[in-house]
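One structure is given below, encoded as structure tokens.
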Amino acid sequence: MQVPKFRSIFTAASKQERTNNFENYWLFTQHHNGELLEDDKDLVNKRAKFQFFQDNPVQLRTPLINPEALYRNYVAMQDDPKTLDRMTLMLTGMYKFARHEWVGIKGAWDVVPNMANSHSVEDKISRVHLAEEFCHVRLFDEMLRTCGLDKVEWVPLSPIKEKIYEQFPKFPGFLMDSPAFVTELMGVTYYCHLNRLIDELLVDEPEVQKRLKELLDEITIDEVAHVGQRRNFIGPIGIRISKWLVKPFYTLFFNDIPEVAKLFDVNQMIKDGEAFDFNHLPDYIIEKSWIPSYCKV
Ligand SMILES: [Fe+2]
Ligand SMILES: [Fe+2]
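Just so we're aligned, residue 12 is where the sequence shown starts under the working numbering, counting upward by one.
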């Protein structure tokens, strides 16, 4: 049997280890992303990769059978999900997941310190983290375009829900760090399951299958790093609370996206979140991502 390379994400860490890991993450993220383009909510290396995808588009050999069904259901489900094909469900569900992320980061961008006013390494990391999330929305948009869906719009939530999302980053760390970490973990769990579904649903469309996975990989590499980074904010009590939060958090969030239960095994996703330890990720993701030192064997 192979010896595992990594420990559970819920592994304990001392204050000193966490301080050292923030320093190390800050070096990683600058190297990984290049310069922050704050006015554009963008990053130099990410922009270059995104440009490459746009300059080299691929298309479905056979267009989607029912794009109208997607446009009718992507913001809110209008039809009975049972009547929709799995490809449509995958794409509308993906949009809904990404839309939540987009709403969250829009709210946060205006309330967290900008780079000029970021004095601690944690503040700087958080600023770049948000810029990466904006890049993810662009990549998700490109995934939809790759499937021929060029009329998708990023629609804000209701004003009340938008306000709630705006309050979240203003909460003190001891309240906000565990939910923020579990949200990142949920992202990685979802992207791993989504990756397998892309494989399955696009067997007859090898070019688009490959491209969607490349786009998703760009996101997943960042999200795996975010999982470690957000974990690093959390002390010994908070990390126990976080593990306890996985089940209610995943359940609540995925209940809000009816596509998810139709396509994925939510109980397995919860188990994957609680057992998360980096060992099941492919090497090419691990090599480009970041893992806290205390999670390495
Ligand atoms: Fe993201
Ligand atoms: Fe993230």
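Built from N, CA and C at the ideal position, the CB exists for glycine as well.
Contact test: residue i Cβ vs ligand 2 heavy atom, cutoff 8 Å
i	result
His-291	no
Gly-118	no
Gly-198	yes
His-111	no
His-237	yes
His-43	no
Glu-195	yes
Which of helix, strand or coil DSSP assigns to residue i
i	result
Lys-117	helix
Leu-71	coil
Leu-48	strand
Phe-17	strand
Asp-53	strand
Lys-162	coil
Test item: CB-CB of residue i and residue j under 9 Å
i	j	result
Ser-300	Asp-233	yes
Leu-54	Leu-47	yes
Glu-211	Val-69	no
Glu-112	Val-148	yes
Ile-20	Leu-292	no
Pro-190	Lys-117	no
Tyr-261	Leu-227	no
Gly-115	Tyr-176	yes
Val-277	Phe-287	no
Ala-236	Thr-40	yes
Met-154	Glu-49	no
Pro-180	Ala-272	no
Tyr-36	Gln-240	yes
Proximity test, residue i beta-carbon vs ligand 1 heavy atom, cut-off 8 Å
i	result
Asp-121	no
Glu-153	no
Asp-233	yes
Ile-248	no
His-326	Since the first and last residues shown for the chain are 12 and 308, residue 326 lies out of range.
Glu-229	no
Glu-143	yes
His-204	no
Assumed close pair residue i, residue j - CB separation to whole angstroms, cut-off 8 Å
i	j	result
Ile-302	Phe-289	6 Å
Val-308	Pro-15	6 Å
Pro-247	Ala-23	6 Å
Residues near residue i in its chain [Cβ-Cβ closer than 7 Å; skip 5 each side]
i	result
Met-309	In the structure as shown, the chain begins at 12 and stops at 308. Residue 309 is therefore absent and cannot be evaluated.
Ala-142	Leu-47, Lys-52, Asp-53, Leu-54
Phe-33	Val-132, Glu-133, Ile-136, Asn-243
Gly-284	Leu-196, Met-197, Thr-200, Val-257, Tyr-261
Residues near residue i by beta carbon distance below 8 Å, same chain, minus five either side
i	result
Met-101	Leu-205, Leu-208, Ile-209, Leu-212, Glu-270, Leu-274
Asn-67	none
Asn-31	Ser-304
Thr-73	Asp-215, Glu-216
Own chain residues within Cβ distance below 6 Å of residue i, not counting five before or after
i	result
Leu-150	Leu-226, Glu-229, Ile-230
Ser-129	Lys-135, Arg-138
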